[in-house]
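Note sheet for the following structure.
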Amino acid sequence: MLSRVARNIYWLSRYLERAENTARIMNVNSNLLLDLPKHIRLGWEPILEIITSSEQFHQHYTIADEANVARFIIADLHNPSSIINSLHHARENARTIREIIPREAWEQINSLYLLAKESQANSLNRRHRYSYLNQIILSNQAITGILAGTMTHDEGYDFLRLGRNLERADMTTRIIDVRSASLLPDINDQQAPFENIQWMSVLKSLTGYQMYRREVRLRIKRQDVLRFLLLNLKFPRALNHTLQQAEDSLKDLPRGKEVIEFIQSVRSHLEATHPEQLNQDDLHEFIDEIQSNLNIIHDKTASTYF
7 MLSRVARNIY WLSRYLERAE NTARIMNVNS NLLLDLPKHI RLGWEPILEI
57 ITSSEQFHQH YTIADEANVA RFIIADLHNP SSIINSLHHA RENARTIREI
107 IPREAWEQIN SLYLLAKESQ ANSLNRRHRY SYLNQIILSN QAITGILAGT
157 MTHDEGYDFL RLGRNLERAD MTTRIIDVRS ASLLPDINDQ QAPFENIQWM
207 SVLKSLTGYQ MYRREVRLRI KRQDVLRFLL LNLKFPRALN HTLQQAEDSL
257 KDLPRGKEVI EFIQSVRSHL EATHPEQLNQ DDLHEFIDEI QSNLNIIHDK
307 TASTYF
């Protein structure tokens, strides 16, 4: 397989996963408005920190309110991580490897981009935003299903899985780091019961609420949520699971020993640290370290194959 083709498959899956995860986060944050008392201000600035950065946003906007943040994250072409830009890059990568992926997958990716672009005005209206973002999520799920069910599971599919799982790992750590610390900046001791809603939103951002409830049948607690999202080996968006899947993807590829050994060391460190027992500052520092390690995994993959 040509390095160019491997790179395009890898980035195709990363951009699709990024668009889907961004849509999930925006939907959950919009719905959270309905769950909180009116006197608790919902922070939109943390959403920028999860997906992009406040610095990029404030180069083009002055106020981080709902309308501006929604526009910047969903449809703004100045934001390289916006949903529209992610789908555009996914489409361009798919277009250059049309002979590698199933035709149905290419048609679905192309249709999703055109639909998202033509209907983007709906995303700026709270009334229509949920259906717009949900359509992006469901279309991405359909693409994932088409690729899993019709694409030959050879080296190309290994790069597809690798990109998808590294992107999931990156987004899971971002959500836990930023959301757990600053999603509800105005909560005090009298409003502590709303912390339950906060951690529920973290789970819902990763579509993990129902799976969490199946495994943990007690009241939602910080330690249990962190243990589930960071250490679980069976939930598809848990950090440990995504690293395991990335490791498995590399086992069938040539020259993957160095990257595999590094991923194994990251997983060993993750399991030995017991991150659910860390306080917020230590957890932030630990997740920063994990994020750096994810970047190293990407760099090692790029230098080896691309």
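Residue numbers (the numbering used here): 7 to 312. For every residue, glycine included, the Cβ atom is placed at its ideal position computed from N, Cα and C.
Query                                                                                                        : Result
Reduced DSSP category for Trp50 - H, G, I as helix; E, B as strand; rest coil                                : coil
Minimum C-alpha distance to Ser117 - residue among Leu93, Leu237, Asn128 and Leu130                          : Leu93
Completely contained alpha helix (DSSP H) runs for the stretch 241–285, where each covers 4 or more residues : 245–257 and 263–279
Beta-carbon gap between Ser88 and Thr28 smaller than 9 Å                                                     : yes
Selection from Leu139, Ile103 and Glu113 that minimises the alpha carbon distance to Ile79                   : Leu139
Contact belief for Ile149 with Ala111 at Cβ below 8 Å, rounded distance in angstroms                         : 6 Å
DSSP-derived helix/strand/coil call for Val222                                                               : coil
Same chain, Cβ closer than 8 Å to Gln114, neighbours up to 5 away in sequence not counted                    : Ser145, Ala148, Ile149 and Ile152
Leu300 versus Asn85, Arg133, Thr179 and Leu83, residue with shortest Cα-Cα distance                          : Thr179
Cβ neighbours of Leu256 in the same chain (closer than 7 Å, five flanking residues each side left out)       : Leu168, Gly262, Val265 and Ile266
Candidates Arg10, Tyr21, Glu98 and Phe312, of which the one nearest Ile142 by Cα                             : Tyr21
Beta-carbon spacing of Arg13, Phe312 below 9 Å                                                               : yes
Beta-carbon proximity of Met32 to Ala76, cut-off 9 Å                                                         : yes
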